[in-house]
Amino acid sequence: MSNKWDRYFFDICIAVSSKSSCLSRQVGAILVRDHSIVATGYNGPARGFPHCKMQCPRKVAGYKSGEGLHICPAAHAEGNCIANAARLGVIVSNTTLYLNQTTPCKDCMILLVNAGITEVVAETSILYHELSKQIAEHGKIKIRKFDL
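Counting from 70, one number per residue, gives the positions in the sequence shown under the working numbering.
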């Protein structure tokens with residue numbers, strides 16, 4: 070993919086992430102097929118569940134980034150993107166997932182493999198989990214950094 074498309078999809082990821090009410094980080098995800106967006110998602114709680122208001126419960130409890138997820142009411146952007154597609158009856162197999170953050174965590178990577186997503190393009194090549202890379206390799210998902 071050319072720099073032009075990567076820049077375009079990266080900017081859209083940033084716009085999608087702006088809808089996140091997460092006090093820790095805002096993540097936007099988009100699924101693309103043939104240069105067309107088929108679904109979007111951002112990190113946040115289930116529909117109708119209250120957002121964190123003034124303080125992140127994980128930070129209040131002293132957890133570092135990526136820890137204490139069992140007390141977080143939010144889903145990751147990748148999962149919400151797939152759920153939004155499913156809600157609308159959109160097929161996500163053979164799509165590319167774009168993220169304005171690091172590579173997906175192992176749980177999200179499992180979702181991506183099982184949904185048939187073939188490529189992940191992330192802002193950084195930093196691995197969220199080492200196991201993510203192994204799951205992607207076995208699931209034949211190509212991972213690359215945005216070429217901006």
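Where is the CB? At the ideal position from N, CA and C, for every residue including glycine.
Along the beta strand (DSSP E) that carries residue 97, what are the first and last residues, could you check? Residue mapping note: residue 97 aligns to position 28 of the sequence shown, counting from 1. Start and end: 97-102.
Would you tell me roughly how many angstroms separate the C-alpha atoms of residue 158 and residue 190, rounded to the nearest one? By one-based count along the sequence shown, residue 158 stands at place 89. By one-based count along the sequence shown, residue 190 stands at place 121. Cα-Cα distance, rounded: 24 Å.
Where do the ends of the beta strand (DSSP E) carrying residue 92 lie? To locate residue 92, count along the sequence shown from 1; it is residue 23. Note, residue 92: premise wrong, no beta strand (DSSP E); not H, not E.
Quick one: residues in its chain with C-beta nearer than 7 Å to the C-beta of residue 200, no 5 flanking neighbours on either side, listed in chain order? Position 131 of the sequence shown holds residue 200. Contacts found: 175.
Closest by C-alpha distance to residue 90, when choosing among 104, 107, 73 and 121: For the purposes of this step, residue 90 is taken as residue 21 along the sequence shown, with counting starting at 1. Closest option to residue 90, Cα to Cα, is 121.
Quick one: Cα of residue 167 to Cα of residue 116, how far? The residue you call residue 167 lines up with position 98 of the sequence shown. The residue you call residue 116 lines up with position 47 of the sequence shown. Taking the straight line joining both Cα atoms gives about 22 Å.
Given this structure, state the Cα-to-Cα distance separating residue 81 from residue 169, to the nearest angstrom. Position 12 of the sequence shown, counted from the first residue, corresponds to residue 81. Position 100 of the sequence shown, counted from the first residue, corresponds to residue 169. So the two alpha carbons sit approximately 9 Å from each other.
Run through DSSP, which three-state label would residue 136 get? Residue mapping note: residue 136 aligns to position 67 of the sequence shown, counting from 1. Note: residue 136 maps to coil in three-state DSSP.
Hey, residue 164 and residue 195 are a contact pair by Cβ (cut 8 Å); roughly how many whole angstroms apart? Within the sequence shown, numbered from 1, the residue matching residue 164 stands at position 95. Within the sequence shown, numbered from 1, the residue matching residue 195 stands at position 126. Rounded, the Cβ-Cβ distance is 23 Å, inconsistent with contact.
Would you kindly work out how many angstroms separate the C-alpha atoms of residue 76 and residue 85, rounded to a whole number? Within the sequence shown, residue 76 is the residue found at index 7, counting from 1. Within the sequence shown, residue 85 is the residue found at index 16, counting from 1. If I take the Cα positions, the gap works out to 14 Å.
Proximal residues to residue 198 (C-beta, below 6 Å), its chain only, five neighbours per side dropped: In the sequence shown, counting from the first residue as 1, residue 198 sits at position 129. Closer than 6 Å at the Cβ level, and outside the excluded window around residue 198, lie 174 and 175.
Since residue 110 and residue 98 should fall inside the 8 Å C-beta cutoff, what is the C-beta to C-beta distance between them, to a whole number of angstroms? Within the sequence shown, residue 110 is the residue found at index 41, counting from 1. Within the sequence shown, residue 98 is the residue found at index 29, counting from 1. At roughly 5 Å, the Cβ-Cβ gap stays under 8 Å, so residue 110 and residue 98 are in contact.
For residue 162, which of 207, 193, 217 and 188 has the nearest alpha-carbon? One-based indexing of the sequence shown puts residue 162 at position 93. Considering only alpha carbons, the answer is 188.
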